[in-house]
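In the numbering used here, the protein residues as written are 353 to 633.
Each remark here refers to the structure printed beneath this line.
Spelled out as structure tokens, the structure:
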């Protein structure tokens, strides 16, 4: 099995941290994390024996996050940049037509990929944890609890941001008290590594989703969603997905919050393995 990490250079010069694990001869799964988080959100997938033996796992940290570069001008966060980052990661690890796992805001990246490279660039999409299908559609799905956090998330005031980091991480889990201190510190640290202005660029950027709406209909989709998610009005999100895609399977996890792959890793990993088989048949 192959395990390696790389710091890649996207076409605009931004560095992108990425890692692979598993079996390169098996179907590729490309994991994309959410806002103000990092690839550690997929540690439970990258240590799962079943996934490691059945798939080629690849994850990267979005520009503006974690170990990747954090340019501080809005043009660096345009759709073409996200599509280019995705293609750069695929090229670095020999990935062709991956299954994409999009957690939260990470779910919006396929919109940019389809816009510039076509729907055939992706074999399937697994939306995890209050996914953002597109930035436009997501405006209808904001949970009121998340909306109350938003002003503090992009505040330039260090006093406000420090408190917002903890509140944001807590809001990602149905039972934040169950997290070990080390796990919570890792998530809070991921938030703290991101300049507030970069968070603002991410949440305010425009995204043209017309090509995706028109051409992505045939992409197979799995939604893994917690019923205690306080970021997303998930019933509305699921309805949106069924309006866009023909083949949509939904797995609801009772009492799970915005981060199913961490809160319920065994179930999430089992659903991923089943989806690989579904795609392969």
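For each residue, glycine too, the CB sits at the ideal point set by N, CA and C.
message: Looking only at its chain, what residues have a beta carbon closer than 8 Å to the beta carbon of residue 525, apart from the 5 residues adjacent to it on each side?
response: 531, 609, 610, 611, 614, 615
query: Just to confirm, are residue 416 and residue 554 a CB contact at a threshold of 8 Å?
result: yes
- request: Would you check if the region 377-389 and the region 402-417 touch, i.e. whether three or more CB-CB distances between them fall below 8 Å?
  value: Enough Cβ pairs lie closer than 8 Å, so yes.
message: Can you check which of these residues, 592, 598, 521, 550, is closest to residue 571 by C-alpha distance?
response: 598
query: So is residue 467 buried or exposed if we call it buried at 16+ other beta carbons inside 10 Å?
result: buried
- prompt: Are residue 440 and residue 362 close, meaning C-beta to C-beta below 8 Å?
  reply: yes
Buried versus exposed call for residue 629 [16 or more other C-beta atoms within 10 Å across all chains shown]: exposed
message: Here's the rule I'm using: 16 or more other beta-carbon atoms within 10 Å means buried, otherwise exposed. How should residue 637 be labelled?
response: Within the shown structure, residues of the chain are numbered from 353 to 633, placing residue 637 beyond reach of any answer.
query: Exposed or buried, which one is residue 390 when buried takes at least 16 other CB atoms within 10 Å?
result: Answer is buried; the Cβ neighbour count reaches 16.
Cβ-based neighbour list, residue 486, same chain, cut-off 7 Å, excluding 5 preceding and 5 following: 460, 463, 559, 561, 564
field: Delimiting residues of the beta strand (DSSP E) encompassing residue 449
entry: Where residue 449 is concerned, there is no enclosing beta strand (DSSP E), given that its DSSP letter is neither H nor E.
- prompt: Looking only at DSSP bridge pairs, what is residue 584 linked to?
  reply: 494
- request: Taking all protein chains shown into account, decide if residue 366 is buried (16 or more other Cβ within 10 angstroms of its Cβ) or exposed.
  value: buried
- prompt: Exposed or buried, what is residue 386 when buried is set at 16 or more other beta-carbons lying within 10 Å of its beta-carbon?
  reply: By the neighbour-count rule (16 or more Cβ atoms within 10 Å), residue 386 is buried.
query: Under 8 Å, do residue 589 and residue 442 count as touching if we go by C-beta distance?
result: No, the Cβ-Cβ distance between residue 589 and residue 442 is not below 8 Å.
message: Does residue 443 come out as helix, strand or coil in the three-state DSSP assignment?
response: helix
- request: Enumerate in chain order the residues of its own chain whose CB-to-CB distance from residue 384 is below 6 Å, with the five nearest sequence positions on each side excluded.
  value: 454, 458, 461
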